[in-house]
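What follows is a set of notes on a single structure, which appears directly below.
Numbering (our numbering), first residue to last: 790 to 1093.
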């Protein structure tokens, strides 16, 4: 299958786009990567991007167009494709309103993937034109991130962006956790592989049902994960009820760090549960899920 993948492809060694593209290629797909955000950073107008994509459409002849994120993209950029277009929103729609113009367009997409069940409810209430061609696509991690490592000098880390809400939680954990910011790619994964415990805290009050990518990456790296409470439906989907330790308050998170640090057997069991759960939550599995949907769409008449 030939996939034209419009996304942010400048990240090397990290990011959903990087891992998913490689997973598609392992499934014998030909993937054309087009980085619309890089084009915009070069101050190229949308009409020029549309012209470039029209040429790609003619020359590459994709079977499917997969559009990810697409902030501020006008519908006119997408309307001209001769193949089915699938939109994948990897952000919380209630917090990121810069794709409303795409979601409001009639018959622009043949399928839409959203990030969480809250996003699905949001679409069902505000964008009924998309129904019933909408479903949740959970995050994952790359098979390349799986590793066993017993040499872990750090006890607990938080190594993602620190929002004001996250700072409140981390201040309570204080001296028990090492906070690391601004490390991506290899450095990011090196930090995880050196730590016994990784923490997950929701970015904002509008993201309380988000199952952050960092959870998958920490589990793949062999960390025990202590996380703020997650959406139980998502946890059940992913079969991770016993793979992470959930807490409801910053104080409980601090106590959980102390508990795991002083109980090697419990820590080891949680790590083993996480390793078992992550094997069914790799990007290869998500690629297979998407390819099944793509095949289904290709068997239907294309409506524009």
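For each residue, glycine too, the CB sits at the ideal point set by N, CA and C.
> To the nearest whole angstrom, what separates the beta carbons of residue 820 and residue 860, a pair I think is in contact under 8 Å?
Replying inline: With a Cβ gap of about 21 Å, residue 820 and residue 860 do not count as contacting.
> What residues in its chain sit with their C-beta under 6 Å from that of residue 992, if we drop five residues either side in the sequence?
Replying inline: If we look at residue 992 and ignore the five residues flanking it on each side, its Cβ neighbours are 952.
> Which runs of the alpha helix (DSSP H) spanning at least 4 residues fall entirely within the stretch 825-855, listed in chain order?
Replying inline: 825-830, 835-849
>> Alpha carbons only, please: which of 947, 1065, 898, 864 is nearest the one belonging to residue 990?
In response: 947
> So is residue 985 buried or exposed if we call it buried at 16+ other beta carbons inside 10 Å?
Replying inline: Answer is buried; the Cβ neighbour count reaches 16.
> In its own chain, which residues sit with a C-beta less than 6 Å from the C-beta of residue 1046, not counting the 5 before and 5 after it?
Replying inline: 945, 965
>> Using only CA atoms, which one of 839, 833, 856, 871 lies nearest to residue 850?
In response: 871
> In chain order, what residues of the same chain have a beta carbon less than 7 Å from the beta carbon of residue 865, not counting five sequence neighbours either side?
Replying inline: 839
> Quick one, which of 1087, 1071, 1089 has its alpha-carbon nearest residue 812's?
Replying inline: 1071
> Are there three or more Cβ pairs, one per stretch, closer than 8 Å when the stretch 881-900 is compared with the stretch 917-933?
Replying inline: yes
>> If we require 3 or more residues per run, which beta strand (DSSP E) segments fall completely within the stretch 996-1038?
In response: Complete beta strand (DSSP E) runs here, min 3: 1013-1017, 1034-1036.
>> For the beta strand (DSSP E) containing residue 925, name the first residue and the last one.
In response: 923-925
>> In whole angstroms, give me the CA-to-CA distance for residue 1077 and residue 880.
In response: Approximately 21 Å, taken between the alpha carbons.
> Taking the C-alpha atoms as reference points, what is the distance between residue 1103 and residue 1009?
Replying inline: Not covered by the structure: residue 1103. The range shown for the chain is 790 to 1093.
> Would you say the stretch 1043-1059 touches the stretch 970-989, given that touching needs at least three Cβ pairs under 8 Å?
Replying inline: yes
> What runs of the beta strand (DSSP E), each 3 residues or longer, lie entirely inside the stretch 912-963?
Replying inline: 923-925, 943-947
> Looking at C-alpha atoms only, which residue of 908, 858, 793, 795 is the closest neighbour of residue 1023?
Replying inline: 908
> Does DSSP classify residue 986 as helix, strand or coil?
Replying inline: Three-state result, residue 986: strand.
> Are residue 893 and residue 928 touching if we call contact CB-CB under 9 Å?
Replying inline: Remark: C-beta atoms of residue 893 and residue 928 do not approach each other more closely than 9 Å.
>> Report the start-end ranges of each alpha helix (DSSP H) in the stretch 847-912 that is 4 residues or longer and not cut off at the edges.
In response: When DSSP assignments are scanned along the stretch 847-912, the uninterrupted stretches of alpha helix (DSSP H) that are 4 or more residues long and fall wholly within it turn out to be 889-893.
> Alpha carbon to alpha carbon, how far is residue 833 from residue 841?
Replying inline: 11 Å
> Nearest to residue 800 by alpha carbon, out of 890, 790, 793, 824?
Replying inline: 824
>> Can you tell me where the alpha helix (DSSP H) holding residue 1064 begins and where it ends?
In response: 1053-1067
> For residue 994, which of 884, 1080, 1064 has the nearest alpha-carbon?
Replying inline: 884
> Is the Cβ-Cβ distance between residue 1029 and residue 926 less than 9 Å?
Replying inline: no
> Roughly how many angstroms separate the alpha carbons of residue 822 and residue 996, rounded to a whole number?
Replying inline: 29 Å
> Under the three-state reduction of DSSP, which class applies to residue 967: helix, strand or coil?
Replying inline: strand
> So the beta strand (DSSP E) residue 791 belongs to, where does it begin and stop?
Replying inline: 791-796
>> Can you give me the C-alpha to C-alpha distance between residue 911 and residue 878, rounded to a whole angstrom?
In response: A direct Cα-Cα distance of roughly 12 Å separates residue 911 from residue 878.
>> Whole angstroms are fine: how far does the CA of residue 874 sit from the CA of residue 792?
In response: Distance from the CA of residue 792 to the CA of residue 874, rounded to the nearest whole angstrom, comes to 10 Å.
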